[in-house]
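In the working numbering, the protein residues as written are 1 to 67.
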């Protein structure tokens, strides 16, 4: 896990773009999916190019809901 990224979590490219769900992490690569214009997209992306996105219903490491 890098910078809090985990399978089932959410991320976006550091350069911007849509919020994506992380489906798999294999070494330095992550399989992500997102919806673009009503169509499901999937792509393998370098973990180093992703940043963590916290959703309101996720919990932080202490078990407290994020705000």
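Every residue gets a Cβ at the ideal spot worked out from N, C-alpha and C, and that includes glycine.
Distance CB(residue i)-CB(residue j) smaller than 8 Å
{"i": "residue 49", "j": "residue 14", "result": "yes"}
{"i": "residue 7", "j": "residue 29", "result": "no"}
{"i": "residue 52", "j": "residue 4", "result": "yes"}
{"i": "residue 54", "j": "residue 44", "result": "no"}
Residue i: first and last residue of the uninterrupted beta strand (DSSP E) it sits in
{"i": "residue 36", "result": "29-36"}
{"i": "residue 42", "result": "39-46"}
8 Å CB neighbourhood of residue i in its chain, flanking five on each side removed
{"i": "residue 18", "result": "12, 34, 35 and 36"}
{"i": "residue 24", "result": "7, 30 and 31"}
Neighbourhood of residue i by C-beta, 7 Å cutoff - its chain only, sequence neighbours within 5 removed
{"i": "residue 40", "result": "33"}
Cβ neighbour criterion (16 or more within 10 Å) applied to residue i
{"i": "residue 16", "result": "exposed"}
{"i": "residue 27", "result": "exposed"}
Same chain, Cβ closer than 6 Å to residue i, five either side skipped, listed in chain order
{"i": "residue 42", "result": "33"}
{"i": "residue 20", "result": "11, 32 and 34"}
{"i": "residue 9", "result": "22"}
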